[in-house]
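These protein sequences, in sequence, are chains A and B. If you count the first sequence from 1, position 172 lands on 185 in my numbering, and the numbers rise without skipping. If you count the second sequence from 1, position 166 lands on 209 in my numbering, and the numbers rise without skipping. For each residue, glycine too, the CB sits at the ideal point set by N, CA and C. Fair warning: this is a prediction, and the values are worked out from it, not measured in the lab. Before any comments, here is the structure.
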Amino acid sequence: MTEKTRFMLALIAPAAVAILLFQIVPILTGANASFRDWTLYDPKRTWVGTANYVHVLRDPEFLGIVLPNTFGFMAASVACALVLGLAIALMLNRRFPGRWLVQTLVLLPLMVAPVIAAIMIRWMFNDQFGVVNAALEGLGFAPITWLTQRWTAFLVILLTDVWLWTPWFALILLAGLQSLPPEPFEAAQIDAAGAWRTFRYITLPMLRPVMVVCVVIRAIDAFRTFDIVWTISGGGPARATEVFSIYAYVESFQFLNLGRGSAAAVIGAIIIVVFALLLYRLLNRLVEVSR
Amino acid sequence: MPGRKTFISLCTAGVIGMILCAGAVTASAQDRELKVGYMKNPIQDASLDMMEKWAKGHGVKLTRVPMAYSVFMEKVTATLTSQTDQFDVIWHNDDWGQLWKKWLETTDDVKGMENADQWPLLAFWNDEKKLTVVPMAHTVGTFFYRNDLVKPEEVPKTFDELVSVSQRLQKEGKVKWGYVGGMSMNNTWFSLWWTMWSNNCDILKPLFERDNAKLAAEKFEPAVTEPCQREIVEFWWDAINTHKISPPGMTAYGRNEANAIFMSGDAAFTLVDSTHFGEFNDPKRSKIVGKVGMAPFPMGPRAQRPTSWNEIWGWAIPKGVPAERKQLAKEMLSAMMMDEAGQVEMWKKTGGPPPNVKLWPKLAADDKDFAALKHAVFDQTPITHSAYYFAEWPAVHRAYSDMAIAALSGKREDIAKVLADNVDKIHRAATGN
Numbered sequence: 014m015t016e017k018t019r020f021m022l023a024l025i026a027p028a029a030v031a032i033l034l035f036q037i038v039p040i041l042t043g044a045n046a047s048f049r050d051w052t053l054y055d056p057k058r059t060w061v062g063t064a065n066y067v068h069v070l071r072d073p074e075f076l077g078i079v080l081p082n083t084f085g086f087m088a089a090s091v092a093c094a095l096v097l098g099l100a101i102a103l104m105l106n107r108r109f110p111g112r113w114l115v116q117t118l119v120l121l122p123l124m125v126a127p128v129i130a131a132i133m134i135r136w137m138f139n140d141q142f143g144v145v146n147a148a149l150e151g152l153g154f155a156p157i158t159w160l161t162q163r164w165t166a167f168l169v170i171l172l173t174d175v176w177l178w179t180p181w182f183a184l185i186l187l188a189g190l191q192s193l194p195p196e197p198f199e200a201a202q203i204d205a206a207g208a209w210r211t212f213r214y215i216t217l218p219m220l221r222p223v224m225v226v227c228v229v230i231r232a233i234d235a236f237r238t239f240d241i242v243w244t245i246s247g248g249g250p251a252r253a254t255e256v257f258s259i260y261a262y263v264e265s266f267q268f269l270n271l272g273r274g275s276a277a278a279v280i281g282a283i284i285i286v287v288f289a290l291l292l293y294r295l296l297n298r299l300v301e302v303s304r
Numbered sequence: 044m045p046g047r048k049t050f051i052s053l054c055t056a057g058v059i060g061m062i063l064c065a066g067a068v069t070a071s072a073q074d075r076e077l078k079v080g081y082m083k084n085p086i087q088d089a090s091l092d093m094m095e096k097w098a099k100g101h102g103v104k105l106t107r108v109p110m111a112y113s114v115f116m117e118k119v120t121a122t123l124t125s126q127t128d129q130f131d132v133i134w135h136n137d138d139w140g141q142l143w144k145k146w147l148e149t150t151d152d153v154k155g156m157e158n159a160d161q162w163p164l165l166a167f168w169n170d171e172k173k174l175t176v177v178p179m180a181h182t183v184g185t186f187f188y189r190n191d192l193v194k195p196e197e198v199p200k201t202f203d204e205l206v207s208v209s210q211r212l213q214k215e216g217k218v219k220w221g222y223v224g225g226m227s228m229n230n231t232w233f234s235l236w237w238t239m240w241s242n243n244c245d246i247l248k249p250l251f252e253r254d255n256a257k258l259a260a261e262k263f264e265p266a267v268t269e270p271c272q273r274e275i276v277e278f279w280w281d282a283i284n285t286h287k288i289s290p291p292g293m294t295a296y297g298r299n300e301a302n303a304i305f306m307s308g309d310a311a312f313t314l315v316d317s318t319h320f321g322e323f324n325d326p327k328r329s330k331i332v333g334k335v336g337m338a339p340f341p342m343g344p345r346a347q348r349p350t351s352w353n354e355i356w357g358w359a360i361p362k363g364v365p366a367e368r369k370q371l372a373k374e375m376l377s378a379m380m381m382d383e384a385g386q387v388e389m390w391k392k393t394g395g396p397p398p399n400v401k402l403w404p405k406l407a408a409d410d411k412d413f414a415a416l417k418h419a420v421f422d423q424t425p426i427t428h429s430a431y432y433f434a435e436w437p438a439v440h441r442a443y444s445d446m447a448i449a450a451l452s453g454k455r456e457d458i459a460k461v462l463a464d465n466v467d468k469i470h471r472a473a474t475g476n
């Protein structure tokens with residue numbers, strides 16, 4: 014081993030040790046727990062094979078509510094934030110007075126911790142004291158009990174997530190827009206192409222690689238969303254907004270069944286790995302086709 | 044270079060010496076230090092103040108290690124099962140009394156335990172019939188009413204009166220709502236459950252049984268299809284949708300939302316732990332200071348007398364703690380149990396009823412608020428305990444809550460069907476399947 018190699022290994026060693034201790038070992042411990050009778054209050058740790066996995070996969074709530082909610086939330090959140098983020102990025106890519114101020118304001122949600130945002134939103138949508146119902150009543154509409162029905166509760170959660178993540182999309186897409194070469198746009202201008210055609214046939218195809226990366230990263234992140242759902246609805250009413258991470262949390266830390274919670278987490282991890290690979294390939298293919 | 048070698052040897056010896064000394068000093072300091080793992084809460088802090096008083100007088104350093112409620116049980120359970128001595132004393136609660144029983148030191152020999160109320164200790168016996176807790180304060184559900192709007196003789200004694208008095212006050216424009224209480228998961232006590240027990244009803248059969256062996260003998264059969272249970276869900280459905288005495292969003296309320304409505308003066312009645320009495324009378328947070336009375340629970344159509352619940356928060360000592368510190372912790376908890384002045388101060392500062400029940404008559408004679416609480420809660424006989432004490436109880440609670448919220452979110456005529464459809468879910472939750 015050359016001195017250079019030793020030096021390189023020494024440089025990456027701290028990061029490798031940290032990843033090993035805080036990522037690899039916990040994942041392996043969790044995976045091990047998923048095959049055992051492992052309750053937090055009485056960890057017998059006896060081998061039970063795939064019993065925990067069978068229980069989770071046979072649970073009608075997991076299949077009928079949790080997974081559809083998780084994928085529905087992921088698709089809606091990513092799509093809305095992408096569209097809004099792209100619109101904001103396009104707006105910020107143009108010169109106008111006060112652009113720096115708008116840029117700063119747009120980034121504000123990124124600086125708010127999701128739990129704080131969720132608590133704030135829960136009170137904003139409170140049926141008695143909430144500013145949203147006050148505005149509705151001011152406009153002559155009946156107040157809405159947002160958190161007592163499935164779809165309105167889901168809408169509140171979705172709005173919060175989109176509000177939190179749109180600036181992230183805007184920021185990255187704006188960086189992407191600003192790195193695009195000017196020549197195709199100049200050519201389009203010479204050819205008298207309109208704004209929509211320029212966007213549809215030049216901006217969008219050239220921006221797709223950035224969008225693919227954004228969508229894949231954000232989709233994985235949305236799949237494991239926990240904090241805002243837990244704070245706003247707790248998965249309710251009556252599990253109607255429960256997502257995968259809440260299911261795993263409740264099994265592990267409310268029912269104290271680490272074996273079953275770990276099995277749910279491993280199933281979720283497998284699902285998201287497969288899904289992310291498929292999504293990446295599909296989007297990559299779309300990018301290739303568009304070229 | 045002998046000089047350099049000697050210097051390095053001396054340095055090495057010095058460093059080793061310092062490490063050994065530091066270790067010895069730390070070990071000696073630890074012998075006289077007690078670490079308490081608890082939830083940041085005025086009652087727990089008041090109880091710790093009593094312990095602090097004792098600790099200062101006995102040369103013991105008391106270290107408070109506060110934790111958030113949301114992680115407390117999980118974190119401390121992991122500490123207990125790993126048999127480490129991270130905490131010498133921990134906050135203990137009836138909800139997880141049976142989960143921790145094999146990991147805790149017994150407390151029967153703590154002086155002052157003879158003054159504790161025996162009823163709430165049920166959750167804390169281990170398999171050898173030894174206690175594993177020292178009470179800190181009683182946690183009791185209390186029916187609060189606005190005494191500026193309702194005279195003591197007008198306070199509702201039945202569910203029907205709760206509706207009629209509420210509607211009268213609403214009609215007179217005195218309040219927006221009659222009753223408000225938490226109802227979402229983990230707040231079930233403050234609406235569904237107090238009315239359930241006040242209607243002679245319960246979650247599992249045999250009704251009101253808390254002996255796990257007897258419940259197991261009956262195969263943890265849910266009682267949710269009993270007529271008394273349907274009546275309760277219908278009562279709340281009507282309260283929200285027909286009589287409109289409770290806010291339409293109440294199925295999603297936790298304690299904070301319900302308390303906010305009561306403290307803003309928008310509701311006439313609520314039911315919550317007595318420990319919120321101080322909050323209701325805090326001028327910085329409440330518009331109803333000095334206008335809050337306490338009364339026994341209103342009764343459902345099947346009840347003959349008001350019921351109540353009366354449980355405790357307590358302190359416990361992990362088994363993994365070394366014997367010497369265990370003894371020290373017991374002495375400290377004993378001092379807390381014997382500290383009458385401290386317990387009275389805890390009540391006055393926080394609304395936490397003292398763990399020494401022999402103090403109650405004296406306190407009731409001197410303090411009109413405690414007298415009201417005593418009449419509202421302690422003078423009533425609980426029909427049963429306000430929880431079950433088996434490991435699957437959190438899952439049963441959640442299954443029940445989901446069922447009730449689903450029934451209340453649907454049509455009134457579908458309530459019986461929703462309850463029937465959930466029998467199997469509650470049974471599976473209770474049996475861990």
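**Asked** Just how far apart, CA to CA, sit F115(B) and M82(B)?
**Response** 7 Å
**Prompt:** Leaving out the 5 sequence neighbours to the left and right, which residues in its chain are closer than 6 Å to F138(A) when beta-carbon positions are compared?
**Reply:** V145, W159, V169
**Bounding residues of the beta strand (DSSP E) (the contiguous stretch that carries I275(B))** = From DSSP, I275(B) is part of no beta strand (DSSP E) but of the alpha helix (DSSP H) over 270-280.
**Request:** Would you check if the distance between the CB atom of T173(A) and the CB atom of I101(A) is smaller than 8 Å?
**Result:** no
**Asked** Whose C-alpha, out of N243(B), K334(B), V132(B), is nearest the C-alpha of M342(B)?
**Response** N243(B)
**Residue burial classification, G43(A) (beta-carbon count within 10 angstroms, cutoff 16)** = buried
**Prompt:** Are three or more beta carbon pairs between the segment 351-362 of chain B and the segment 171-187 of chain B nearer than 8 Å?
**Reply:** yes
**Request:** Identify the contact partners of S452(B) in chain A, using a Cβ-Cβ distance below 9 Å as the criterion.
**Result:** T161, Q162, R163, P250, A251, A253
**Message:** Which residue wins for smallest C-alpha separation from D131(B), given the options K369(B), G395(B), P397(B), I304(B)?
**Reply:** K369(B)
**Message:** Can you tell me whether N243(B) is helix, strand or coil according to DSSP?
**Reply:** coil
**P361(B) (DSSP reduced to helix, strand or coil)** = strand
**Request:** For W143(B), return the contacting residues in chain A, with the cut-off set at a CB-CB distance below 9 Å.
**Result:** Y54
**Message:** Output needed for V3(B): all residues of its chain with C-beta closer than 6 Å, excluding positions within five of it in sequence on either side, in chain order.
**Reply:** Coverage of chain B is limited to positions 44 through 476, which leaves residue 3(B) absent and any answer about it impossible.
**Request:** Within the same chain, show all residues whose beta-carbon is closer than 7 Å to that of I458(B), passing over the 5 residues directly before and after it, in chain order.
**Result:** R273, V276, E277, W280, A450
**Which listed residue (P339(B), Q87(B), P404(B)) has its alpha carbon closest to that of W237(B)** = P339(B)
**Contact list for S209(B) against chain A, beta-carbon separation under 9 Å** = Near S209(B) there are no residues of chain A at all, since even the closest Cβ is about 16 Å away, more than 9 Å.
**Asked** From F236(A) to W97(B), what distance separates their C-alpha atoms?
**Response** 52 Å
**Prompt:** Taking the C-alpha atoms as reference points, what is the distance between R345(B) and M239(B)?
**Reply:** 10 Å
**Asked** Is V218(B) helix, strand or coil by DSSP?
**Response** coil
**Request:** Could you please tell me which residues of the segment 304-315 of chain B, in chain order, have their CB closer than 9 Å to any CB of chain A?
**Result:** I304, S307, D309
**Asked** Name the chain B residues that come within less than 7 Å of G247(A), Cβ to Cβ?
**Response** S227, M228
**Asked** Could you give the C-beta distance for F323(B) and I331(B), rounded to a whole number, given that I count them as a contact under 8 Å?
**Response** 6 Å
**Asked** Do we get a CB-CB distance below 8 Å when we pair I288(B) with the residues of chain A?
**Response** no
**Asked** At what residues does the beta strand (DSSP E) containing K20(B) begin and finish?
**Response** Here chain B has residues from 44 to 476 only, and residue 20(B) is not among them.
**Which of helix, strand or coil DSSP assigns to G184(B)** = strand
**Asked** Which first and last residues belong to the alpha helix (DSSP H) in which T83(A) is found?
**Response** 80-105
**Item:** Counterpart residues of R107(B) in DSSP-defined beta bridges
**Value:** V79(B)
**Request:** With DSSP as the reference, please indicate the residues paired to W60(A) in a beta bridge.
**Result:** R49(A)
**Message:** With the cut-off set at 8 Å, would you say G385(B) and M156(B) are in Cβ contact?
**Reply:** no
**Prompt:** Smallest Cα separation from L91(B): which of W436(B), V439(B), G395(B), A442(B)?
**Reply:** G395(B)
**Asked** Would Q161(B) be called buried (16 or more neighbouring beta carbons within 10 Å of its own) or exposed?
**Response** exposed
**P250(A) versus R298(B): straight-line alpha-carbon distance, rounded** = 16 Å
**Nearest-angstrom beta carbon gap, G336(B) and A407(B) [assumed within contact, 8 Å]** = Wrong, their Cβ atoms sit about 15 Å apart, outside the cutoff.
**Message:** Given a cut-off of 8 Å on the beta-carbon distance, is the pair L271(A) and L70(A) in contact?
**Reply:** no
**Request:** Would you mind stating whether P443(B) and I246(B) have Cβ atoms separated by less than 8 Å?
**Result:** Per the sequence shown, residue 443(B) should be read as Tyr rather than Pro. Yes, the Cβ-Cβ distance between Y443(B) and I246(B) is below 8 Å.
**Asked** With distances taken between CB atoms, is the gap from Y432(B) to Q141(B) smaller than 8 Å?
**Response** yes
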